[in-house]
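Enquirer: Take the sequence shown: its letters are residues 76 to 121, numbered as in my numbering. We treat Cβ as the ideally placed atom computed from N, Cα and C, and that holds for glycine. All figures in this text were calculated on a predicted structure; none of them were measured in a lab. Supplied in structure tokens, the structure appears directly below.
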Amino acid sequence: MAALLAEYGLRVVADDHLLDLAHTLGSPARARASLRSGRVAVAESR
């Protein structure tokens, strides 16, 4: 994902699994497959 975003002039500053984010936010999310396989990338302009 970082390489793709770099092609558009963006730099990835965070890349996390959805399940990790849910736990960080205190969500009662269980270890569902969609949360284990999903990711969130946060990028900013260079």
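1. Take serine 109 and list the residues in its own chain whose beta-carbon comes closer than 8 Å to its own, dropping the five residues that flank it on each side.
2. Please identify the residue among Ala77, Arg86, Met76 whose C-alpha is closest to the C-alpha of serine 120.
3. To the nearest angstrom, report how far apart valine 88 and methionine 76 are at their CA atoms.
4. Round the Cβ separation of alanine 104 and leucine 80 to the nearest angstrom and send it over; I've been treating them as touching at under 8 Å.
5. Pull up the distance between the alpha-carbon of leucine 96 and that of tyrosine 83, whole angstroms please.
Expert: According to the data block:
1. Position 34 of the sequence shown, counted from the start, is the residue given in the question as residue 109. Cβ within range, chain order: Leu93.
2. Residue 120 sits at position 45 when you count from the first residue of the sequence shown. Answer by Cα proximity: Arg86.
3. Counted from its first residue, the sequence shown places residue 88 at position 13. Counted from its first residue, the sequence shown places residue 76 at position 1. C-alpha separation (whole angstroms): 12 Å.
4. Position 29 of the sequence shown holds residue 104. Position 5 of the sequence shown holds residue 80. Actually they do not touch by this definition, with Cβ atoms about 26 Å apart.
5. Start at 1 with the first residue of the sequence shown, and residue 96 comes out as number 21. Start at 1 with the first residue of the sequence shown, and residue 83 comes out as number 8. Going from the Cα of leucine 96 to the Cα of tyrosine 83 covers about 26 Å.
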